[in-house]
Every structure is written in C-alpha cells, then in structure tokens.
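These notes concern the structure reproduced below.
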Amino acid sequence: MPTVLLVEGWRVHFHTNEADEAMHVHACKGEAECKFWLHPDQFVIEEDYEHSLKPGARREIRRILYEHFDYVCEAWHLQFGRFRAR
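All residue numbers for the sequence shown refer to my numbering, where the first residue is 940 and numbers rise by one.
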C-alpha cells in the first residue's frame, strides 16, 4: 500500500492490487477509513465508502484531497501508468 500523503494525521494511500479500478485513493486516520473516486477531468472527488468518519473528518479529508488533487492524480499515474474512467 504505497503512501501518497501524510497530512494532518491522515495517511492517503493506494492498494496496489486495485489497478483494474478507476482512479481512487484510500485514507485513514485513527479509526476512520474512507475511499474516494477521483475524476481529474472534472476536478471532482466522489466518496465511495467510509467507516467511522465523522462530519468534521469528512470535511477535513476532502479539503486535503482537493488541496493536493494534482499531486495525488500524478501519483496514481506513476503507480499504475494509466487512467481508467469510472
């Protein structure tokens, strides 16, 4: 699970066995876990699932992902070498 970012206690990462899925990222902080689909053509983040994610934490991770959107998308391309539309 390559780590892409460590920001404000959040670990943002990929699962290397999910290369067949569209661009997405996983994030965890404490007991909270979540997964977001990334749509670089629209600059959109879409929540796929969450576990123990309180509203404030949801806003925080979404803000972090938007602030680092281009970096995370580039890391996806470097890791998986391609973009798949969902």
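We put the beta carbon where it would ideally sit given N, CA and C, even for glycine.
Do you know whose CA, among the options, lies nearest residue i's CA?
| i | options | result |
| --- | --- | --- |
| Pro979 | Met962, Ala966 and Asp987 | Met962 |
| Phe975 | Tyr988, Gln981 and Phe982 | Tyr988 |
| Tyr1010 | Ser991, Leu992, Val964 and Asp959 | Val964 |
| Gln1018 | Tyr1005, Leu1004, Glu1006 and Glu957 | Glu957 |
| Tyr1005 | Gly948, Arg950 and Leu977 | Leu977 |
On the DSSP letters alone, give me the boundaries of the alpha helix (DSSP H) that residue i sits inside.
| i | result |
| --- | --- |
| Phe1019 | Phe1008 to Phe1019 |
What residue range is occupied by the uninterrupted beta strand (DSSP E) comprising residue i?
| i | result |
| --- | --- |
| His954 | Where His954 is concerned, there is no enclosing beta strand (DSSP E), given that its DSSP letter is neither H nor E. |
| Lys974 | Ala971 to His978 |
| Glu989 | Val983 to His990 |
If we ignore side chains and look at the alpha-carbon of each, how far apart do residue i and residue j end up?
| i | j | result |
| --- | --- | --- |
| Val946 | Trp1015 | 18 Å |
| Pro941 | Arg1001 | 20 Å |
| His952 | Val943 | 5 Å |
| Arg1025 | Glu960 | For Arg1025, the predicted structure reports a pLDDT of 48, less than 50, and the residue's modelled location is therefore unreliable. The matter cannot be settled from this model. |
| Glu986 | Cys973 | 8 Å |
| Arg950 | His990 | 15 Å |
On the DSSP bridge assignment, give the partners of residue i in chain order.
| i | result |
| --- | --- |
| Lys968 | Ala971 |
| Leu944 | Val951 |
Quick one: any contact between the segment 992-1010 and the segment 965-972, if contact means 3 or more CB pairs under 8 Å?
Short answer: they touch.
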